[in-house]
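Asks: According to the working numbering, the sequence shown is numbered sequentially starting from 19.
This is the structure I want to talk about, given as structure tokens.
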Amino acid sequence: MKSTKILIIYDFDWSLSDKDSDHHVFEKFGVDTTHYSDEHHSWVTFVNECLFEIYQKGISPPQFSTLFNDFPISESMVRAIKFAKEKGADLYIISDGNTFFLDLAMSKHDIKDCFTKIITHKANFHENGLIELSPVFPEGTHDCKTNSVRYGTTCSIHMCKGIKVSELKTSEYGKTIYIGDGKNDFCAACKLKSDDLLLVRKGRALAKILEDDMSQISAEVQYWTDASEVLARFQKELS
């Protein structure tokens, strides 16, 4: 008999939230991010460079504590997360962000404990005040080659969300719901089956990939603009 238990997996930046958590911090501390390029940087390496620049400015971890007071997470998304948890779904986050920023971003909304696990790059705190990330996948530990027509290879050297989705999708679950927006969510989307649901934020990279080619996607796809649409779909699936 097929399980009725639902697995819900969120991307964080621009999926659970309405902004990128890394860029939010860099804007607050006046870090120039215009020199970033996919061609010569991994995201983790780039964020570590920015964190070193913040450290050189004399800014220490306690000074980050209020940065996320104005970080946008929709009330409807908070309601969706809490509703899903109350209805017995298992919730996870797979993010190219980091433990420190995600903890700060979620703290005022009291939603961190709704998630069984948050899979993201670990923030390490050195005695001198420097923050440095350790990647989920150290370089050379995954060889994913998932490709899209628009962007080519969609996984970074330090993150393959598809591998993590495959690890989480056990026979315990009858359905998986994945909420994503970015090109690095494409590999995760490709791991979903015909009984699963992919909730794609309109107007962003994942939606553009799917506009070009749906041949690698088996799941039902629903596009959304406002978090109230995610809440409504959770209510439909979990009621």
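The beta-carbon is built from N, C-alpha and C at its ideal position, and this holds for glycine as well.
#1: Might you give, ordered along the chain, the residues of its own chain that have their beta carbon closer than 7 Å to the beta carbon of residue 147, omitting 5 neighbours on each side?
#2: Does DSSP classify residue 63 as helix, strand or coil?
#3: Can you round the beta-carbon distance between residue 68 and residue 51 to whole angstroms, since I take them to be within the 8 Å contact cut?
#4: Would you call the region 169 to 184 and the region 153 to 161 in contact, with 3 or more CB pairs under 8 Å?
#5: For residue 172, count the other beta carbons within 10 Å of its own beta carbon; 16 or more makes it buried, fewer makes it exposed. Which is it?
#6: Between the region 178 to 191 and the region 235 to 246, do at least 3 Cβ pairs fall closer than 8 Å?
#7: Assign residue 127 to one of two classes, buried (16 or more other C-beta atoms within 10 Å of its C-beta) or exposed (fewer than that).
#8: What does the Cβ neighbour count give for residue 19, buried or exposed, with the cut at 16 atoms within 10 Å?
#9: Count the other CB atoms within 10 Å of the CB of residue 144; is the residue buried (16 or more) or exposed (fewer)?
#10: Give the secondary structure of residue 97 by DSSP, where H, G and I count as helix, E and B as strand, and everything else as coil.
#11: Looking at residue 39: is its Cβ nearer than 9 Å to the Cβ of residue 30?
#12: Residue 112 and residue 35 - do their beta-carbons sit closer together than 9 Å?
#13: With DSSP as the reference, label residue 240 as helix, strand or coil.
Replies: Reading off the structure:
#1: For the purposes of this step, residue 147 is identified with residue 129 of the sequence shown, where counting begins at 1. Cβ neighbours of residue 147 beyond the five flanking positions: 73, 78, 79.
#2: In the sequence shown, counting from the first residue as 1, residue 63 sits at position 45. Reduced to three states, the DSSP call for residue 63 is helix.
#3: The residue labelled residue 68 in the question sits at position 50 within the sequence shown. The residue labelled residue 51 in the question sits at position 33 within the sequence shown. Between residue 51 and residue 68 the Cβ distance is about 7 Å, and since that is below 8 Å, they are a contact.
#4: yes
#5: For the purposes of this step, residue 172 is taken as the residue at position 154 of the sequence shown. Burial call: buried.
#6: no
#7: As a working note, residue 127 is residue 109 in the sequence shown. Counting Cβ neighbours within 10 Å, residue 127 comes out buried, since at least 16 surround it.
#8: Against the sequence shown, residue 19 aligns to sequence position 1. Residue 19 comes out exposed.
#9: Translated into positions along the sequence shown, residue 144 becomes position 126. By the 10 Å Cβ count, residue 144 comes out exposed.
#10: On the sequence shown, position 79 is the one that residue 97 refers to. In the structure shown, residue 97 sits in a helix (DSSP, three-state: H, G or I).
#11: Residue mapping note: residue 39 aligns to position 21 of the sequence shown, counting from 1. Residue mapping note: residue 30 aligns to position 12 of the sequence shown, counting from 1. In this structure, residue 30 lies closer than 9 Å to residue 39 by Cβ.
#12: Counting from one through the sequence shown, the residue named residue 35 turns up at place 17. Counting from one through the sequence shown, the residue named residue 112 turns up at place 94. No, the pair does not count as a contact, with Cβ atoms beyond the cut-off.
#13: Locating residue 240 in the sequence shown gives position 222, where the first residue counts as 1. Looking at residue 240 - three-state DSSP - the assignment turns out to be strand.
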